[in-house]
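Participant: Just passing along the structure, written as structure tokens.
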Amino acid sequence: MSKNKESVIIVILFFVIAFLIYGLSLTNDFVHFDDNILIFDNPAVHQLTPATIAWVFTHFDPELYIPLTFLSFQIDHLIGGLNPFIFHLTNLILHTLNALLVYVFLNLLTKRKLLAIICGLIFLVHPLNAEAVAWASGRKDVLSAFFFLGSLIFYLKTSNERRATSNYYASIISFVLALLSKASVILLPLILILIDYKNDRRVDRKSILKKIPYFALSGIFGIVAIFGKQSVLADSPLKDSILMASKSTVFYLQKFLMPFDLSVIYPYNENISITSSEFFVPLIVLLVLIALIAIKFRNNRKATFGSLFFFLMLAPSFSNYAKAGDVFFASDRYVYLPIIGLIYIFVLILFSLIKSINNKIRIPIFVIPSIILIFFGVLAFKQSLVWKNTDTLFTNVTKHFDYSDMAFNKVGAQRFEQGKLAEAEEHLMKSLEIKPNARAYYNLGLVRLEQDDIEGVVEMNLKAIELDPKHVSAYLNLGYAYWKKGMQSDAEITFKKALSIKPDDVDVLTNLAGLYISMERPSEARELLERAIKIDPEDEYVGGLMERI
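If you read the sequence shown in the numbering used here, its first letter stands for residue 69, the second for the next number, and so on.
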């Protein structure tokens with residue numbers, strides 16, 4: 069069989085398997101878990117103009133600097149509007165290409181084609197990767213991985229004397245594109261050193277100089293990332309980060325082998341303490357594993373490469389456990405690239421076991437890998453359907469973590485959207501029972517508004533603002549309640565407070581403009597609406613208000 073024909077067959081195989089597993093999930097909806105912030109409530113994504121392109125390169129998401137990811141969303145919107153299918157299809161294509169790149173990368177690294185194919189297929193079907201694929205906002209992970217793997221492949225190809233320079237520059241450019249997609253790939257320069265170690269490349273002045281541009285880029289994007297992560301880093305003491313890192317690392321190792329009970333969030337509501345078995349047991353396990361690798365496998369370059377690839381690529385996520393008052397000990401998407409190291413070690417062990425089995429019983433080499441691929445593939449298929457919509461996504465969380473106030477709030481909000489007020493109130497009260505939180509009070513305010521209980525709206529939103537003084541939506545609902553009560557002055561003060569927090573928010577601008585129209589203050593209303601039109605020229609509600617002036 070010719071090399072080209074073989075490559076075509078491999079590509080077709082990967083895409084067929086990918087669509088068998090994830091094809092049904094292409095009909096999934098967007099979810100109210102970053103998709104609203106990044107995509108369907110983000111006017112900058114709904115247009116592809118010089119102004120919106122400038123916006124994506126000058127704004128965070130609000131934590132991460134991901135301009136290339138935003139640009140890809142703009143292209144998706146240009147093709148299919150806010151049809152989730154287009155966004156999910158792009159993710160699936162990128163994920164399949166990433167699996168193929170894993171195959172190419174490991175084939176170049178190891179010169180073992182069958183091993184590389186199996187590794188690529190496991191990457192393709194592993195359930196831990198379902199989050200990055202089935203979640204539209206997981207684009208930043210699949211897109212950054214695409215360019216990250218491209219950078220590694222081009223770097224490996226620099227050993228080709230004839231095209232060394234062009235491959236070197238292609239590797240650097242790919243790294244820049246990966247960083248512009250998501251800065252979590254920042255430790256790529258260390259992976260390059262690891263590749264040199266794995267291939268026993270000589271470390272000399274030339275090889276060190278080749279790494280300088282990579283480290284320089286990591287430094288620049290690292291500084292940019294810190295600006296976006298200031299609030300997260302402030303909530304993450306070093307001691308707690310170390311303990312949480314050990315817990316999450318052992319958790320990922322466990323879920324790699326037995327990927328059951330996966331969830332969009334893994335909440336933790338207790339104190340983070342070394343005296344808790346939740347932390348000292350994983351810490352001991354991790355230290356034992358590190359010692360084992362350092363002592364028993366210190367001369368095994370394959371084991372060292374796979375282990376360090378996993379730990380290094382996972383390291384940037386270790387400071388991400390605390391967010392806006394919530395604590396999460398893991399996220400499936402954080403292991404999207406690190407899992408390559410685990411897969412490599414796993415397949416090496418698998419091939420060794422197959423060889424020893426074949427010394428006693430002759431079985432085709434593809435049988436055991438096929439069973440593993442089917443096992444992972446079925447679980448990935450099921451997990452992708454968990455992402456069908458916000459309701460299914462967070463109902464799944466409540467099954468595994470009945471102490472997640474966020475999950476009960478999310479389900480309550482969805483029940484409200486469905487018009488099931490009694491169920492909505494039940495879930496929101498459960499959320500507040502677990503922990504008083506601004507989100508649930510705000511959503512309970514929406515329930516009260518639907519029940520025409522204006523006093524209840526005021527009460528719930530005041531409680532939300534007390535817990536979160538920057539909760540813009542709570543200010544808007546509170547202002548609306550004051551407006552309905554005829555307290556226009558209080559409504560104006562409340563809307564202006566929201567405007568001071570979020571001056572470029574179309575909803576804030578239109579609420580205050582609507583109030584000014586009712587107060588017969590047209591010039592002030594027009595000024596606000598003109599600002600709103602600049603932000604989102606396609607907003608029909610803004611145009612309708614402008615016609616009333």
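Even glycine gets a Cβ: it sits at the ideal position worked out from N, Cα and C.
(1) Under the three-state reduction of DSSP, which class applies to P335: helix, strand or coil?
(2) My output table needs one value for D459: the three-state DSSP class, helix, strand or coil.
(3) If I measure Cβ to Cβ from Y320 and keep anything under 6 Å in the same chain, skipping five residues before and after, which residues do I get?
(4) What three-state label does DSSP hand F101 in the structure shown?
(5) Among F87, S275, N339 and F449, which has the Cα closest to the Cα of L311?
(6) When you compare the region 137-149 with the region 334-352, are there three or more beta-carbon pairs, one atom per stretch, that lie closer than 8 Å?
(7) By the three-class DSSP mapping on this structure, what secondary structure does K297 have?
(8) Would the region 442-453 and the region 193-203 be scored as touching if the rule is three or more Cβ pairs under 8 Å?
(9) Between F419, I442 and L441, which has its C-alpha nearest I431's C-alpha?
(10) Who are K391's beta bridge partners in DSSP?
(11) Can you list, in chain order, the stretches of the beta strand (DSSP E) that have 3 or more residues and sit fully within the region 209-255?
(12) Between the region 563-574 and the region 534-553, are three or more C-beta pairs nearer than 8 Å?
(13) Evaluate V84 with the Cβ neighbour count: other Cβ atoms within 10 Å of its Cβ, from every protein chain shown; 16 or more gives buried, anything less gives exposed.
(14) Where does Y265 fall in DSSP's three states?
(15) Using 8 Å as the cut-off, can you tell me whether the region 291-299 makes contact with the region 162-177, which would need three or more C-beta pairs spanning the two stretches below that distance?
(16) How big is the Cα-Cα spacing for L136 and A398?
(17) In terms of alpha-carbon separation, which member of A86, I77 and R269 lies closest to L441?
(18) Are K278 and L177 touching if we call contact CB-CB under 8 Å?
(19) Can you give the Cα-Cα distance for K602 and V610, rounded to whole angstroms?
(20) Alpha helix (DSSP H) containing Y320: first to last residue?
(21) In this structure, how does DSSP classify E592 when only helix, strand and coil are distinguished?
(22) Tell whether a beta-carbon distance below 8 Å holds between L106 and D129.
(23) Rounded to whole angstroms, what's the CA-CA distance from A492 to H468? Just pull it up for me.
(24) Which residue's Cα is closest to the Cα of K181: V525, K71 and L88?
(25) Can you give me the start and stop residues for the alpha helix (DSSP H) that E485 sits inside?
(26) With F289 and L247 assumed to form a contact (beta carbons below 8 Å), what rounded beta-carbon distance in angstroms separates them?
(27) Report the start-end ranges of each alpha helix (DSSP H) in the region 123-155 that is 4 residues or longer and not cut off at the edges.
(28) Taking all protein chains shown into account, do 16 or more other C-beta atoms lie within 10 angstroms of the C-beta of Q486, making it buried, or fewer, making it exposed?
(29) For Q556 and S286, what's the separation of their Cα atoms in angstroms?
(30) Alpha carbon to alpha carbon, how far is V210 from A202?
(31) Pull up the distance between the alpha-carbon of L132 and that of S249, whole angstroms please.
(32) For I32, which option in A581, E608, S219 and F386 has the closest C-alpha, if you only look at C-alpha atoms?
(33) In chain order, what residues of the same chain have a beta carbon less than 7 Å from the beta carbon of L416, not counting five sequence neighbours either side?
(34) S499 and G513: beta carbons closer than 8 Å?
(35) Can you give me the C-alpha to C-alpha distance between M381 and F324, rounded to a whole angstrom?
Facilitator: Answer, in terms of the structure:
(1) strand
(2) helix
(3) V403
(4) coil
(5) N339
(6) no
(7) coil
(8) yes
(9) F419
(10) Its beta-bridge partners are D394.
(11) none
(12) yes
(13) exposed
(14) helix
(15) no
(16) 25 Å
(17) A86
(18) Against a cut-off of 8 Å, the Cβ pair of L177 and K278 comes out as no contact.
(19) 11 Å
(20) L306 to L325 is the extent of the alpha helix (DSSP H) around Y320.
(21) Secondary structure of E592 (DSSP, three-state): helix.
(22) yes
(23) Our two residues, A492 and H468, have alpha carbons roughly 20 Å apart in a direct line.
(24) K71
(25) D473 to E485
(26) 4 Å
(27) Here the runs fully enclosed are 135-148.
(28) exposed
(29) 52 Å
(30) Going from the Cα of V210 to the Cα of A202 covers about 11 Å.
(31) Near 9 Å, if we compare the C-alpha coordinates of S249 and L132.
(32) Residue 32 falls outside the range modelled here, since the chain spans only 69 to 617, and no answer is possible.
(33) Excluding sequence neighbours, L416 sits near K370.
(34) no
(35) 15 Å
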